[in-house]
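Q:
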Amino acid sequence: MTLERFIDYFSTFDQRPGERMALLVGGLVFFWILEGAIPLVGLRYRKTKLNHALVNFGFTIIHLVIHTGLAVFIVLLSDWCRAANWGLVYWFQVGVWGAIIIGVLALDFSSWLVHWVMHKNPYLWRYHLIHHSDNKVDVTTGLRHHPGDSLLRGVFFLILIFISGAPMYSVMIYQTLVVVATAFTHANISLPSSLDKFLSYFLISPNMHKVHHHWKQPYTDTNYGAVFSIWDRLLGTFSTLPVSELRYGLDRHYPNEKDEDFINLLKHPFLKREMKE
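Converting from the sequence shown to my numbering requires adding 1415 to each position, the first position being numbered 1.
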């Protein structure tokens, strides 16, 4: 595929929701199967793996509805940046490859930044803790986000488009990468430790992200990245933990025995003030 065809393909990828949904579902199915073949840890589900998945799929559907709505603003903002020559991409006249690199890195930084902010702000943590409340982290955990969490991610995404001027092909390339990365990093799969460590030098590897889901600080407050590990390594939030010591869930803020209570998970941020101590 030539560069021109590659850019044309991703420039209109937002107009092909069927292909994007196939990518999401295909990734979930692929890693679901892989979890059965090479599991990282033996997850003992409260009922069944399917019951656990249905809870997370409920949040996934809400997340997709919210981001489908936000997509309108993403397209409008990206097109406005192009028309107004606004953003880093246009100020520095970096060309197509430069636009891809700047756009992808800027949007990946938005993922790191919003994640860090939600962990540090007590009010926003109320929403994000729903993601961390999952006691059985697997491929379906990736899109287990409270609607409040999903909205904030969209806001930060828009801010970094505004700053970077990311064109739509750059936006869609990143969104494709993050869909695959989210499934990959949350999947309960065991890679050779040397391979996982090698990947973690430039990408978020499965074991690296599992440390973020460890139930206690300071590990919960590390490894915020979505696709690239550069931000955690540069900004001092990278950490490691042996797989044998991993335990998922939360040691406070939310009762672990209710991690599959969908209605309670939706209501919980509004029931009481959840503080990060």
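For every residue, glycine included, the Cβ atom is placed at its ideal position computed from N, Cα and C. All values reported here derive from a predicted model rather than from experimental measurement.
Assuming L1492 and L1592 form a contact by the criterion Cβ under 8 Å, report the distance between their Cβ atoms to the nearest whole angstrom.
A: At roughly 20 Å, the Cβ-Cβ gap does not stay under 8 Å, so L1492 and L1592 are not in contact.
Q: What's the call for E1450, buried or exposed, on a 16-neighbour Cβ count within 10 Å?
A: With 16 or more Cβ atoms within 10 Å of its Cβ, E1450 is classed as buried.
Q: How is P1684 classed by DSSP in three states: helix, strand or coil?
A: helix
Q: Which residue wins for smallest C-alpha separation from H1668, given the options L1544, F1599, K1682?
A: L1544
Q: Taking the alpha helix (DSSP H) that Y1424 falls in, what are its first and last residues?
A: 1418–1426
Q: So, helix, strand or coil for Y1669, using DSSP?
A: Under the three-state reduction of DSSP, Y1669 is assigned to coil, being neither helix nor strand.
Q: So what does DSSP say about Y1589, is it helix, strand or coil?
A: helix
Q: Which class does F1507 belong to by DSSP, given the choice of helix, strand or coil?
A: coil
Q: Below 8 Å CB to CB, which residues in the same chain sit around I1422 once its five sequence neighbours on both sides are set aside?
A: V1511, Y1584
Q: According to DSSP, simplified to helix, strand and coil, what is H1546?
A: H1546 falls in the helix class under three-state DSSP.
Q: Reducing DSSP to helix, strand and coil, say where L1618 ends up.
A: strand
Q: Once you ignore the five residues that flank Q1430 on each side, which residues in its own chain have a CB closer than 8 Å to its CB?
A: none
Q: By a C-beta neighbour count over all protein chains shown, 10 Å radius and 16 as the cutoff for buried, is A1498 buried or exposed?
A: exposed
Q: Taking DSSP's pairing of strands, which residues face H1478 in a bridge?
A: Per DSSP, none; premise fails for H1478.
Q: Taking the straight line between their C-alpha atoms, what separation do you get for M1587 and I1515?
A: Those two C-alpha atoms are separated by around 10 Å.
Q: So P1621 and L1606 are supposed to be a Cβ contact under 8 Å. How far apart are they, rounded?
A: 6 Å
Q: Tell me the rounded alpha-carbon separation between G1513 and I1645.
A: I1645 has its alpha-carbon roughly 18 Å from the corresponding atom of G1513.
Q: Using 10 angstroms around the beta-carbon of K1551, count the other beta-carbons present and answer buried if the total reaches 16, otherwise exposed.
A: buried
Q: Determine, using beta-carbon pairs with one atom in the stretch 1629–1640 and one in the stretch 1527–1537, whether at least three such pairs fall under 8 Å.
A: yes
Q: When DSSP labels each residue in this structure, what does H1629 get in the three-state scheme?
A: strand
Q: Going by DSSP, what residue range makes up the alpha helix (DSSP H) through A1452?
A: 1432–1452
Q: State the Cα-Cα distance for the pair F1710 and A1596, rounded to the nearest angstrom.
A: Nothing can be reported for residue 1710, as the shown portion of the chain is limited to 1416 through 1692.
Q: I need the DSSP call for F1677, collapsed to helix, strand or coil.
A: helix
Q: With DSSP collapsed to three states, give me the class of Y1663.
A: strand
Q: Check the DSSP bridge columns for F1572 and list the partner residues they point to.
A: F1572 is not bridged to any residue.
Q: In whole angstroms, what separates the C-alpha of K1631 from that of S1548?
A: 12 Å
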